[in-house]
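Each remark here refers to the structure printed beneath this line.
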Amino acid sequence: MPDTRPASDFASRLHGSFVALLKWEQFDQTWQALAQRANEGWYVYAIGEAPPETPASPEAFRRFLDEISELLHREHEHDYCGIVYVDDREKPELVKIYDPNNLGVVCGYSESPPLPGWVISRLKPTPIETPAPPAGNRRRWWQRLFGK
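Printed below as a string of structure tokens:
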């Protein structure tokens, strides 16, 4: 069942407190836990695309988790993760995933920190303005996954 809190909660929560999944082990454990919760009504939002109107089906959500895991493991060539942030490590409801090809200054101080590439959320997302559209390869990847 999707979360029914007001949409404005999404924006305030997105800019709230998050914890980094620093180790790949933490990331993999969190991903397994999210996959087990796939029927809870998750929105999958690619920043720069229109926000979803409805939660992803459990199958589509699990497919996204598998595909983004593969992408991050392949393209973030470090022995640590550090580019995925959760609002609650024990039971996340909002996850920010940064694109390994567009990191800028993800942690620490910055006048204009980069936006995450993707957000998964129990709250219905509201549009996030981006300074530039996503790269063509990311858009094609997203369209292949969600046919949009």
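Numbering (this note's numbering), first residue to last: 375 to 522.
Idealized CB from N, CA, C, for every residue including glycine.
This one's a predicted model, so the numbers in the text were calculated from it and none came from an experiment.
Taking Trp405 as reference, the option from Glu444, Tyr419 and Gly510 with the minimal CA-CA separation is Glu444. Between the alpha carbons of Pro432 and Gly415 lies a gap of roughly 8 Å.
In the structure shown, Leu497 falls within a coil segment according to DSSP collapsed to helix, strand and coil. Between the region 388-398 and the region 458-476 there are three or more inter-stretch CB-CB distances shorter than 8 Å, so the stretches are counted as touching. Taking 7 Å as the cut-off, the beta carbon of Ala409 is found no closer than this to the beta carbon of Val418.
According to the DSSP secondary-structure assignment, Lys470 is paired through a beta bridge with Tyr459 and Val493. The C-beta separation of Pro490 from Pro425 comes to about 13 Å, leaving the pair out of contact by the 8 Å criterion.
Between His389 and the set Phe435, Val493 and Pro474, the nearest pair of CA atoms involves Val493.
The three-state reading of DSSP puts Glu444 in helix, counting H, G and I together.
Following the DSSP letters along the chain, one finds Ala409 inside the alpha helix (DSSP H) bounded by residues Trp398 to Gln410.
One alpha carbon belongs to Glu449, the other to Gln403, and they sit about 19 Å apart. DSSP lists no bridge partner for Ile502. Taken atom to atom, the span from the alpha-carbon of Glu503 to that of Arg387 is near 16 Å. Excluding its 5 nearest sequence neighbours in each direction, Phe438 has C-beta neighbours in its own chain below 7 Å: Val418, Ala430 and Leu519, listed in chain order.
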